[in-house]
Each structure stands twice: as structure tokens, then as C-alpha cells.
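Going by the working numbering, 606 is the number at position 303 of the sequence shown; the sequence numbering is gapless.
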Amino acid sequence: MKKICAFLLALLLLTSTAGAVDLYVDTNKIETDTPPAVVDGRTLVPVRAIFEAIGATVTWDATTSTATGIRGDVVVSIQINNTTAHVNGEPRTLDVPAQLINSRTMVPARFISESMGCDVTWYQDTETVGVANKTKGQHIYVTKSGQKYHYSGTCNGGTYYEATLAEAMGRGLTPCDKCVLIQETPVAAPSETSGQKSALELARRYLQITAFSYEGLISQLEYDGCSHADAVYAASNCGADWNAQALNKAQSYLGLMAFSHDGLVDQLVYDAYTPEQAAYAADNCGADWNAQAVKKATSYLALMSFTREKLIDQLEYDGFTYEQAVYGAEQNGY
Ligand SMILES: [Zn+2]
304 MKKICAFLLA LLLLTSTAGA VDLYVDTNKI ETDTPPAVVD GRTLVPVRAI FEAIGATVTW
364 DATTSTATGI RGDVVVSIQI NNTTAHVNGE PRTLDVPAQL INSRTMVPAR FISESMGCDV
424 TWYQDTETVG VANKTKGQHI YVTKSGQKYH YSGTCNGGTY YEATLAEAMG RGLTPCDKCV
484 LIQETPVAAP SETSGQKSAL ELARRYLQIT AFSYEGLISQ LEYDGCSHAD AVYAASNCGA
544 DWNAQALNKA QSYLGLMAFS HDGLVDQLVY DAYTPEQAAY AADNCGADWN AQAVKKATSY
604 LALMSFTREK LIDQLEYDGF TYEQAVYGAE QNGY
């Protein structure tokens, strides 16, 4: 048995040095003390290197020779020489198990990466494994023979086809320095402090009660004793759609009194919505601005008397157009 193991090990070493396989995660070439190895058509990589490259934390249980990687709500466990691995407790069959090479624990790159939700591509020509993690689904543009990859499909007026970053990596292409830089999206939420957590819970409770602007919510949370940093965290991570919040607020204002389009925008900006959010709300609240002008004129006339001219001036001052103001006055008998 010992002899067979030694022979296998020698064979594995031979395989691993025969062709140098490169491993890329997004745009980063992953440097490992033990190089990636191809065993039975599967690329094996050092366990810690691959897990950490895709942002997972790794624990090693020496008594069972089991490595466990955790990222977000995904837990992947893999045991040396065991063709059954586990993803969130569910068994998965591996055709090539994790194994020791040069006394390093090596695991199948594709299995680990795909279990963690990454896309994996193998490039035969360049013997490269491309793992798309932060760049998953992010398409770039290449030509058949070019040495660069592009972020714009119209860079330099060329004719490109769409590709994944992993493909570009696999072909050894380098980024074009003329196109805009890639936008990396955050993968896993960072672990929350207790202050951030309670601010977030409070924020979500408030949003169930009434509409808030981003700034307004931060002020409210600070008023409730959250630190500014925790309040900002909560407002940024509560998942609120600020346009929808502005729209809600607009509708509650319209339930209270009449507004012109511009008057409503001003009010929402005063409530710390951005001018864009305020405009979105005023444009989408479904108000009939002529009817609003009539209603506004009626409310003024209940308070004091106006000449036709003064009433129209007042309505224009409130942000109604001249036509709306005239309509509002005339429908009130002026
Ligand atoms: Zn370009």
C-alpha cells in the first residue's frame, strides 16, 4: 500500500510540474507556494489560496483532515481523499478528491469555486483556470487575435465580440488602458458590529411606518442615539429605494394639501430628498396639477379675499404655471 502511494505521489508531482497551470480569480493571478496541478483532467489548487482568493474564510480540522470554507451563507467542507464533499450539509460527489501534493492540501478549483457561486472556465490553450468572482457575469470585449481586452464594445471603433473576463485571462490578454476601469461589485456583506445591527433594525422598523429620505433617516437614527457611522451604515444597507420613499412622501403630502409640481419638489428637497428623487416623485405621483391649482386657490380663498390678479400671482409663486394658475382661479369663479 505504501509503495502505491509513493508511486501515485511521484506521478502527481510529475503531472503538476509537467504543465504550469495558472489560476486567475477575476483579474488577479493567484500565486501559490505549490503550483496548481492537473489530476485526471481536474485542476487542483492549494485549499487556502482558492478559498481566500474568493473571499471565504477557511478552517482546518486536523483530526478529520477536513477543510471548511465559509462565505456568506455558503459552507463548503472537503476532506482529503474523500470523493464526497458537502455544500451546506448536502453531499456532492467529486471525481477527483482533495489530496496532499507536496504536503499541501490541494482541492478541485472548479468544485470549490462553483460551490461558492463563482463561474469557472478552463482554457486549454493557455492552461489557465479563470474564476469569475466579483466579475461574474461582467462582460468585456475582445477580438480573435488582439492582445488587449476592452471594457467598451466600441473602443477605438473596433469590432469586438463579448467575452468573460475569465476568457481574457485565459488567453493572457491585458486590459486596454483606453477604456474605463472595471467596476467591482462587493460580494459578501462585511460582518456587522452590534451598533450597525441595531441601527439597521431600527431603520427597517421606521421604514415600515413612514417614508424617509436617506439623510432624514440618518438624522432620525442619530436622534435615537445611534452613532453617525452606524446611522450611515443602516441608511446605506437598509435596502430602501429612495425614489419609492420620495414617491410615498409625495403622496402623503398630497393627501394633506394641494401642491404644484415645483412646490412638491421643493418640499421634498427640504425633506432632504435629492433633487432627482424629488423630481421622480413629483413626476410619478399621478397628481393632476390643474386640479391641484383649483384646490390650492380654494384653500387661499377660505383664508382671505383676493383679486383675480393677486390670486394668479400667489399660485404662480407656489410653483404653478401661469396656465394652471389661471385655471385654478377661473374654476373658483375668478
Ligand atoms: Zn479599449
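Even glycine gets a Cβ: it sits at the ideal position worked out from N, Cα and C.
These figures come from a predicted structure and were not determined experimentally.
Just how far apart, CA to CA, sit residue i and residue j?
i, j, result
"residue 337", "residue 403", "11 angstroms"
"residue 433", "residue 461", "25 angstroms"
"residue 351", "residue 409", "9 angstroms"
"residue 376", "residue 497", "19 angstroms"
"residue 276", "residue 543", "Here the chain comprises residues numbered 304 to 637, so residue 276 is not present and cannot be evaluated."
"residue 406", "residue 349", "10 angstroms"
"residue 478", "residue 494", "32 angstroms"
"residue 558", "residue 566", "15 angstroms"
"residue 634", "residue 571", "28 angstroms"
"residue 552", "residue 574", "9 angstroms"
"residue 591", "residue 556", "14 angstroms"
"residue 364", "residue 373", "14 angstroms"
"residue 382", "residue 454", "40 angstroms"
"residue 447", "residue 412", "27 angstroms"
"residue 475", "residue 481", "18 angstroms"
"residue 342", "residue 443", "31 angstroms"
"residue 632", "residue 611", "7 angstroms"
"residue 534", "residue 524", "6 angstroms"
"residue 428", "residue 325", "12 angstroms"
"residue 636", "residue 601", "10 angstroms"
"residue 367", "residue 418", "21 angstroms"
"residue 608", "residue 540", "51 angstroms"
For residue i versus residue j, is the C-beta spacing smaller than 8 angstroms?
i, j, result
"residue 619", "residue 605", "no"
"residue 549", "residue 584", "yes"
"residue 445", "residue 426", "no"
"residue 617", "residue 630", "no"
"residue 378", "residue 371", "yes"
For residue i, collect the residues of the same chain with a Cβ closer than 8 angstroms to its Cβ; drop the 5 residues on either side in sequence, then sort them by chain order.
i, result
"residue 355", "361"
"residue 529", "498, 501, 502, 505 and 537"
"residue 305", "No answer about residue 305 holds up, because its pLDDT of 42 lies below 50 and its placement is not dependable."
"residue 346", "324, 326, 339, 340, 411, 412, 413, 425 and 432"
Which stretch, first to last residue, makes up the beta strand (DSSP E) that contains residue i?
i, result
"residue 526", "Taken as a continuous stretch (DSSP letters only), residue 526 belongs to no beta strand (DSSP E), being part of the alpha helix (DSSP H) at 517 to 526."
"residue 373", "369 to 374"
"residue 426", "422 to 426"
"residue 325", "325 to 328"
"residue 289", "Residue 289 falls outside the range modelled here, since the chain spans only 304 to 637, and no answer is possible."
"residue 476", "Segment: none, residue 476 is in no beta strand (DSSP E) and carries neither H nor E."
"residue 417", "Where residue 417 is concerned, there is no enclosing beta strand (DSSP E), although the alpha helix (DSSP H) it sits in stretches over 412 to 418."
Ignore the nearest five residues each way along the sequence and tell me which others in residue i's own chain have a CB closer than 7 angstroms to its CB.
i, result
"residue 641", "Given that the chain is displayed from residue 304 to residue 637, the structure contains no residue 641 and the question cannot be resolved."
"residue 621", "563, 566 and 599"
"residue 457", "none"
"residue 587", "550"
"residue 396", "386 and 387"
Looking only at its chain, what residues have a beta carbon closer than 6 angstroms to the beta carbon of residue i, apart from the 5 residues adjacent to it on each side?
i, result
"residue 389", "380"
"residue 385", "400"
"residue 327", "433 and 472"
"residue 626", "none"
"residue 538", "517, 520 and 521"
"residue 580", "545, 546 and 549"
"residue 623", "563 and 596"
"residue 438", "329 and 468"
"residue 593", "627 and 630"
Would you check whether ligand 3 has a heavy atom nearer than 7 angstroms to the C-beta of residue i?
i, result
"residue 459", "Here the bound small molecules are ligand 1; ligand 3 is not part of this structure."
Which residues mark the beginning and the end of the alpha helix (DSSP H) in which residue i is found?
i, result
"residue 351", "350 to 356"
"residue 578", "578 to 587"
"residue 504", "497 to 512"
"residue 617", "611 to 620"
"residue 601", "592 to 606"
"residue 634", "625 to 634"
"residue 340", "It is not in any alpha helix (DSSP H) - residue 340 instead sits in the beta strand (DSSP E) that spans 340 to 342."
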